[in-house]
Amino acid sequence: MAASRTVAWKDCYQGYLQRGLKRTEALVILARKLARIAFAVMRSQKPYRPRVATAD
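To convert a position in the sequence shown, counted from 1, into this note's numbering, add 1.
Structure representation (structure tokens):
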């Protein structure tokens with residue numbers, strides 16, 4: 002899945018792998034997250050504006 006290699010999702014994917022999840026399990030989690038985001042954008046008709054986590 003290409004999302005696992007993007008800047009926005011790579012850290013999330015790596016975090017799941019470090020927790021001991023298998024590659025397929027981590028990809029399924031990312032796919033479900035992206036599907037929920039896509040559905041919310043479609044339903045609300047508003048552009049996707051991700052919240053960026055900052056380390057303070």
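Note that beta-carbon positions come from the ideal geometry of N, C-alpha and C, so glycine has one too.
With a 10 Å radius around its C-beta and 16 neighbouring C-beta atoms as the bar for buried, classify residue 9 as buried or exposed.
Taking the sequence shown and counting its residues from 1, the one referred to as residue 9 is at position 8. Result: exposed.
C-alpha gap between residue 15 and residue 25, whole angstroms:
On the sequence shown, position 14 is the one that residue 15 refers to. On the sequence shown, position 24 is the one that residue 25 refers to. Answer to the nearest angstrom: the Cα atoms are 12 Å apart.
Could you please give the first and the last residue of the uninterrupted alpha helix (DSSP H) stretch that includes residue 25?
In the sequence shown, the residue the question calls residue 25 occupies position 24. Unbroken alpha helix (DSSP H) run through residue 25: 24-45.
Nearest by alpha-carbon distance to residue 85: which of 29, 43 and 49 is it?
No statement about residue 85 is possible, as the shown extent of the chain runs from 2 to 57 and does not include it.
Excluding sequence positions up to five away, which residues of its chain have a Cβ less than 8 Å from the Cβ of residue 42?
Here residue 42 corresponds to residue number 41 of the sequence shown, with the count starting at 1. For residue 42, where only same-chain residues beyond five positions count, the Cβ hits under 8 Å are 48 and 49.
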